[in-house]
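Chains as they are written, first to last, in my numbering: chain U, 1 to 158; chain A, 1 to 158.
2 protein chains.
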Amino acid sequence: MRILGIDPGLERIGYGAVRREGSRLTAEEYGLIQTPRIELPERLALVRREVTQLLERVRPDAVATEQLLFSVNRKTAMDVAKSLGVILCAVAEHGAPWTEFAPGAVKLSVVGNGGAEKKQVQFMVTRLLGLAETPKPDDVADALALAVCLALRSRPGA
Amino acid sequence: MRILGIDPGLERIGYGAVRREGSRLTAEEYGLIQTPRIELPERLALVRREVTQLLERVRPDAVATEQLLFSVNRKTAMDVAKSLGVILCAVAEHGAPWTEFAPGAVKLSVVGNGGAEKKQVQFMVTRLLGLAETPKPDDVADALALAVCLALRSRPGA
Numbered sequence: 001m002r003i004l005g006i007d008p009g010l011e012r013i014g015y016g017a018v019r020r021e022g023s024r025l026t027a028e029e030y031g032l033i034q035t036p037r038i039e040l041p042e043r044l045a046l047v048r049r050e051v052t053q054l055l056e057r058v059r060p061d062a063v064a065t066e067q068l069l070f071s072v073n074r075k076t077a078m079d080v081a082k083s084l085g086v087i088l089c090a091v092a093e094h095g096a097p098w099t100e101f102a103p104g105a106v107k108l109s110v111v112g113n114g115g116a117e118k119k120q121v122q123f124m125v126t127r128l129l130g131l132a133e134t135p136k137p138d139d140v141a142d143a144l145a146l147a148v149c150l151a152l153r154s155r156p157g158a
Numbered sequence: 001m002r003i004l005g006i007d008p009g010l011e012r013i014g015y016g017a018v019r020r021e022g023s024r025l026t027a028e029e030y031g032l033i034q035t036p037r038i039e040l041p042e043r044l045a046l047v048r049r050e051v052t053q054l055l056e057r058v059r060p061d062a063v064a065t066e067q068l069l070f071s072v073n074r075k076t077a078m079d080v081a082k083s084l085g086v087i088l089c090a091v092a093e094h095g096a097p098w099t100e101f102a103p104g105a106v107k108l109s110v111v112g113n114g115g116a117e118k119k120q121v122q123f124m125v126t127r128l129l130g131l132a133e134t135p136k137p138d139d140v141a142d143a144l145a146l147a148v149c150l151a152l153r154s155r156p157g158a
């Protein structure tokens, strides 16, 4: 089973694909989609093309995104929401089932503590996936954490 | 010149197409796209299909949307932003130039007063377009007001 975690954004979208075989988790591919500061509709169309290509390449059986919380910067929150709309549309057109997690739910599944610090989450994700070092930047680590969270929750018997 | 105004939403999207010939404005088509309460990604994919069909039917030379303001209901604001992201992506893929207006800018262009009441805007839109009565519901009237605003501003010599 292949699970894709996506950390939404307009300027930077983190993604991480995790393969689950039995109880073993491996990172298949992870990285960052970045968009230049072009006009908003063209930028969103670029997000769509890039995410569609990602879905066609990874062919995930399930997709997880993080629930958007209201940031202090409202303008940023609205732009991230516009991009997330385009991402979810692409996910539906690809046909993969979608799960949304609150940040606390990811921490709870990965670390066992809903109030865990980001570093603890990154440490556990790196360890569970058997990676030599923590993926950078945070957008990528967050996307992998989402994929690990969904992988752990969808494990047979979990 | 054909101008399409779109009043974004997740549950209801108002649209209005206005034709400008010289200084004469006529309403070509207006109405509401509505989506049922299905899962969010599928709902956004439906928005994309419906808006793409609308763009292919109307073939606008320009598209206007209203700038999203932060509503009291944050959840609603975020859902509207997700839908707007999908709408703008479809507009870019259609290739029409896009303009965004703040609510006050529409009032100023249509009524001559940035603080005008909604009823005054609707009265002027109905009159400028030579319609027998004010289009209902408000989402449709708002979309026509956006199209009229862009038509007035893009008039030669305006």
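Using N, Cα and C, we set each Cβ at its ideal position, and we do this for glycine too.
Grouping DSSP H, G and I as helix and E and B as strand, with all else coil, what is residue i?
i	result
residue 21 of chain A	strand
residue 10 of chain A	coil
residue 50 of chain A	helix
residue 35 of chain U	coil
residue 133 of chain U	coil
Find the residues of chain U that neighbour residue i, judging by a C-beta separation of less than 7 Å, and give them in chain order.
i	result
residue 124 of chain A	Going along chain U, no residue has its Cβ under 7 Å from residue 124 of chain A, so there is no contact; the nearest lies around 28 Å.
residue 48 of chain A	89
residue 45 of chain A	89, 92 and 93
residue 74 of chain A	70
In chain A, what lies closer than 8 Å to residue i by C-beta?
i	result
residue 91 of chain U	41
residue 1 of chain U	Per Cβ cutoff of 8 Å: no residues; residue 1 of chain U is ~19 Å from chain A at best.
residue 68 of chain U	78
Run through chain U and tell me which residues come within less than 9 Å of residue i, C-beta to C-beta.
i	result
residue 9 of chain A	Within 9 Å Cβ-Cβ: nothing; residue 9 of chain A doesn't reach chain U, min ~12 Å.
If we count the other Cβ atoms within 10 Å of its Cβ and call it buried at 16 or more, is residue i buried or exposed?
i	result
residue 122 of chain U	buried
residue 76 of chain U	exposed
residue 65 of chain A	buried
residue 114 of chain A	exposed
residue 16 of chain U	buried
residue 22 of chain A	exposed
residue 70 of chain A	exposed
residue 13 of chain A	buried
residue 82 of chain U	buried
residue 38 of chain U	exposed
residue 102 of chain U	exposed
At 8 Å on the CB atoms, spell out the chain U contacts of residue i, in chain order.
i	result
residue 82 of chain A	81, 82, 84, 85 and 88
For residue i, which residues does DSSP report across the bridge?
i	result
residue 27 of chain U	U:18
residue 4 of chain U	U:17 and U:63
Any C-beta of chain C sitting closer than 7 Å to the C-beta of residue i?
i	result
residue 69 of chain U	In the structure shown, chain C cannot be found, because the protein chains are U and A.
Where are the alpha helix (DSSP H) runs, 4 residues long or more, that stay fully inside the region 55 to 120 of chain A, in chain order? 74 to 94 and 103 to 111
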